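S.K.: Note that the protein sequences, when read in sequence, are chains A and B. So the first sequence is residues 1 to 164, counted in UniProt numbering. So the second sequence is residues 1 to 380, counted in UniProt numbering. Before we start, here is the structure in question, set down as structure tokens.
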Amino acid sequence: MGLLIPDFGLFFWTLIAFLVVLFILKKFAWGPIVKTLQERESGIAESIASAEKVKAEMKLMQSQNESLLMQAREERTMMLKEAKETKDKIINEAKEQAKVEANKIMEDTRNQIERSKNAAMTEVKNEIGKLAVEVAEKILRKQLANQGEQHNYVQMLAEEIKLN
Amino acid sequence: MVATFSVFAQEEHGHENGEEKKGFDASEVIFGHIGDNHSWHWFDIDGHAYATPLPVIIYENGKGISCFLSDKFEHGHVPYNGYRLIEKHYATEHSLPNEMIGKIVPVDANDNIIANAQYHDLSITKNVASMLISVILLLVIMISIANKYKKNGVMKAPSGFQNAIEPVIIFVRDEVAKPNLGKKYMRYMPLLLTLFFFIWINNLLGLIPGGANFTGNIAVTAALSLISFIVILFSGNKHFWGHLFNPPGVPFGIKLLLVPIEIISLFIKPVALMIRLFANILAGHIIILSVVSMIFIFGALSTVAGWGFVPVSMAFTIFMFCLELLVGAIQAFIFTNLAAVFIGQAIEEAHHHDEHEHGYHAHNPETGQEYNVSEDTIVA
């Protein structure tokens, strides 16, 4: 079979053409292509690695932020609590003080009233005493207008003293 | 090349009236296609062959180089410049073997072959022409893609045709070169990529109707495997040659047996490469042509049978074409992969002495994975 006997011409041309293609492509195609592919791959790998790093950093920052926020929140609650306590304390103190003040005022007022009442009572008593003396004077004046009566009365008073 | 189209009447195809009587010679059509030719035959219409003549280049000792177009032979009817294209009638007249048909031989003034002439036929035959087209295509495609890489810089995504070729290049690098060649794969990348794309593009061009059976020619696969063989021999390290001529840890008696086997296996490797590609592509072409020829064989029996067979034949042909598209890529991959495996064996550093006889063996330094591909797992 002629099929199995290699033809020299074709063998020769194939050999030459293949080698020429190999050298041309090696210089102008495969070299740059394979190099670029490799560089691109390493570039992508680096990008991914740096992205991963940034992501980790972001995560760290985020967690830091979160803890800061938490702290702030806690502080705020504490401050609020403190403020409330202070407020309550102030109110209570004020109340207490007001009560004391009020009591004092009441006491003073009561004393004043007492004093005024006493003064008024004394005045009234004096007035009544004066009136009684006046009335008694008038009565006596009237009764002691005659001599006999006067005499009798002195008698009576002298007896009274004697008895004492 | 197609523009220089010229038209000839070819006598042996001239079955003007007697086509049915003479019948359809399928083997002539098939072997006419799968063999090489000095003109690019496109088609016949009513016995007229439409073909493009190709340059004939012959070097003869003492005479020098002769260069002319093949239409000077008028399809083998006349000698030209002391040469003759052997055709059927001449072969029968001079009782030459069939494989001489289509060859160019030096003849004397009486049109007899000069038996002891020292000459080489370096003509641009149909296969060579087809190869030149593929070479130009390959160079244009790959260099334009390479320029795109240079222009776009490193960190830009591939686009267009670059995007189609890039995965193939990465495939050859990651599936063929890296697993078989280990750390030194960069040295062999140009060879492997060229082998792969050269075989692939020629397989595909061969499938175009009217195309040449280039990779299905044993001279072509012989040239490719010779290159692979030379690369294997030149990259062989001390460990490889040591194991070949003096396998360690083997008794002397067995060494006597083993060393010749090892040496034979060294030569069988490129031969296997050569025959595998040649036989696969040739078989594909023969099957497609046979199935198409069935129409004309049936047509020669009766016109109705011929037309009736058309759908069946077309279905088979389309199926075979799809299969051949696949085979074209697979065979390019297998040739490249086996070349890489053989080179990998030659450059392999010393380790795991017990695994050597089991088959093609390679080591992946990245994963530490062992690859053992035995000859019979790659049947295709």
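For glycine and all other residues, C-beta sits at the position ideal for the given N, C-alpha and C. Note that this is a predicted model, so its numbers are computed, not measured.
List the DSSP bridge partners of B:GLY64.
M.R.: Locating residue 64 of chain B in the second sequence gives position 64, where the first residue counts as 1. Paired residues: B:GLU60.
S.K.: Is B:ILE86 closer than 8 Å to B:MET100 when the C-beta atoms are compared?
M.R.: Along the second sequence, one-based indexing puts residue 100 of chain B at 100. Along the second sequence, one-based indexing puts residue 86 of chain B at 86. Going by C-beta atoms, B:MET100 is nearer than 8 Å to B:ILE86.
S.K.: Taking Cβ positions only, does A:ILE48 come closer than 8 Å to chain B?
M.R.: The residue you call residue 48 of chain A lines up with position 48 of the first sequence. Not one chain B Cβ lies under 8 Å of A:ILE48.
S.K.: Out of B:ASN337, B:VAL135 and B:ALA346, state which residue places its alpha-carbon closest to the alpha-carbon of B:ARG173.
M.R.: Position 173 of the second sequence holds residue 173 of chain B. B:ARG173 has its Cα closest to that of B:ASN337, out of B:ASN337, B:VAL135 and B:ALA346.
S.K.: Quick check: B:LEU273 and B:PHE171, are their CB atoms within less than 8 Å of each other?
M.R.: Here residue 273 of chain B corresponds to residue number 273 of the second sequence, with the count starting at 1. Here residue 171 of chain B corresponds to residue number 171 of the second sequence, with the count starting at 1. Cβ atoms of B:LEU273 and B:PHE171: not closer than 8 Å.
S.K.: May I ask you to report which of helix, strand or coil DSSP gives B:ILE113?
M.R.: The count along the second sequence starts at 1 and reaches residue 113 of chain B at position 113. Note: B:ILE113 maps to strand in three-state DSSP.
S.K.: Does DSSP classify B:ASP354 as helix, strand or coil?
M.R.: Counting from 1 along the second sequence, the entry for residue 354 of chain B is found at position 354. In this prediction, B:ASP354 scores a pLDDT of 46, lower than 50, which makes its location untrustworthy; the coordinate-derived value is nonetheless stated afterwards. DSSP places B:ASP354 in helix when its eight states are reduced to three.
S.K.: Compute the Euclidean distance between the alpha carbons of B:VAL135 and B:ILE199, then round it to the nearest angstrom.
M.R.: Within the second sequence, numbered from 1, the residue matching residue 135 of chain B stands at position 135. Within the second sequence, numbered from 1, the residue matching residue 199 of chain B stands at position 199. If I take the Cα positions, the gap works out to 11 Å.
S.K.: Looking only at its chain, what residues have a beta carbon closer than 8 Å to the beta carbon of B:ILE125, apart from the 5 residues adjacent to it on each side?
M.R.: In the second sequence, residue 125 of chain B corresponds to position 125, counting from 1. One detail in the question is off: residue 125 of chain B reads as Thr in this sequence, not Ile. Excluding positions up to five away in sequence, the list reads ASP36, ASN37, HIS38 and LEU54.
S.K.: Quickly, what does DSSP pair B:HIS120 with across the bridge? List them, please.
M.R.: Locating residue 120 of chain B in the second sequence gives position 120, counting from the first residue. Answer is B:TYR59, bridged to B:HIS120.
S.K.: Measuring only between beta-carbons, confirm whether B:PHE198 sits less than 8 Å from chain A.
M.R.: Position 198 of the second sequence, counted from the first residue, corresponds to residue 198 of chain B. It does; some Cβ of chain A falls within 8 Å.
S.K.: Quick one: Cα of B:ALA380 to Cα of B:ASN280, how far?
M.R.: For the purposes of this step, residue 380 of chain B is taken as residue 380 along the second sequence, with counting starting at 1. For the purposes of this step, residue 280 of chain B is taken as residue 280 along the second sequence, with counting starting at 1. Residue placement at B:ALA380 is poorly supported in this model, since its pLDDT is 42, which falls under 50; the coordinates still yield a value, given next. When rounded, the distance between both Cα atoms is 8 Å.
S.K.: For a contact defined as C-beta to C-beta under 9 Å, what are the partners of B:ILE264 on chain A?
M.R.: As a first step, residue 264 of chain B is located in the second sequence; it is residue number 264 there, counting from the start. Here the premise fails: no neighbours, minimum Cβ distance about 20 Å.
S.K.: Return the Cβ separation of B:ASN203 and B:ALA332 in integer angstroms, given the expectation that the two are a contact with Cβ distance under 8 Å.
M.R.: As a working mapping, residue 203 of chain B is identified with position 203 in the second sequence. As a working mapping, residue 332 of chain B is identified with position 332 in the second sequence. 6 Å between Cβ atoms; contact.
S.K.: First and last residue of the beta strand (DSSP E) that includes B:THR336?
M.R.: Reading the second sequence from its first residue, position 336 is the one you call residue 336 of chain B. Run containing B:THR336: none in the beta strand (DSSP E); it sits in the alpha helix (DSSP H), 303-347.
S.K.: Within this structure, are the beta carbons of B:SER313 and B:ILE30 separated by less than 8 Å?
M.R.: Position 313 of the second sequence, counted from the first residue, corresponds to residue 313 of chain B. Position 30 of the second sequence, counted from the first residue, corresponds to residue 30 of chain B. It is not a contact, given that the beta carbons lie outside the stated cut-off.
S.K.: Can you tell me which residues form a DSSP beta bridge with B:ARG84?
M.R.: As a first step, residue 84 of chain B must be located in the second sequence, where it is residue number 84. Answer by DSSP bridge pairing, in chain order: B:VAL105.
S.K.: Assess, as a yes-or-no matter, whether the stretch 229-237 of chain B is touched by the stretch 14-24 of chain A under the definition of 3 or more beta carbon pairs within less than 8 Å.
M.R.: Too few Cβ pairs lie closer than 8 Å, so no.
S.K.: Let me know the alpha helix (DSSP H) ranges lying completely inside the stretch 149-215 of chain B, each 4 residues or longer, listed in chain order.
M.R.: The qualifying runs are 161-171, 178-181 and 185-207.
S.K.: Can B:VAL231 and B:PHE245 be called in contact, C-beta distance under 8 Å?
M.R.: As a working note, residue 231 of chain B is residue 231 in the second sequence. As a working note, residue 245 of chain B is residue 245 in the second sequence. It is not a contact, given that the beta carbons lie outside the stated cut-off.
S.K.: Spatial neighbours of A:ALA98 within its chain, please: C-beta separation below 6 Å, excluding the five flanking residues on both sides.
M.R.: By 1-based counting over the first sequence, the position of residue 98 of chain A is 98. Nothing listed; no residue qualifies.
S.K.: Checking contacts by CB at 8 Å: is B:ALA223 closer than that to chain A?
M.R.: Here residue 223 of chain B refers to the residue found at position 223 when the second sequence is read from its first residue. It does; some Cβ of chain A falls within 8 Å.
S.K.: Does any residue of chain B have a CB that is nearer than 8 Å to the CB of A:ALA29?
M.R.: Taking the first sequence and counting its residues from 1, one reaches residue 29 of chain A at position 29. At least one chain B Cβ lies under 8 Å of A:ALA29.
S.K.: Please name the residue in B:ILE45, B:TYR80 and B:LEU326 whose C-alpha comes closest to that of B:CYS67.
M.R.: As a working mapping, residue 67 of chain B is identified with position 67 in the second sequence. Closest by alpha carbon: B:TYR80.
S.K.: Would you kindly check if the distance between the Cβ of A:GLY43 and the Cβ of B:ASP155 is under 8 Å?
M.R.: If you number the second sequence from 1, residue 155 of chain B lands on position 155. If you number the first sequence from 1, residue 43 of chain A lands on position 43. One point to set straight first is that residue 155 of chain B is Met, not Asp, in the sequence displayed. A contact, by the Cβ cut-off of 8 Å.
S.K.: One question on the structure: do A:VAL34 and B:MET189 come within less than 8 Å of each other, judged by their Cβ atoms?
M.R.: Position 34 of the first sequence, counting from 1, holds the residue named residue 34 of chain A. Position 189 of the second sequence, counting from 1, holds the residue named residue 189 of chain B. Their beta carbons are under 8 Å apart, which means A:VAL34 touches B:MET189 by this criterion.
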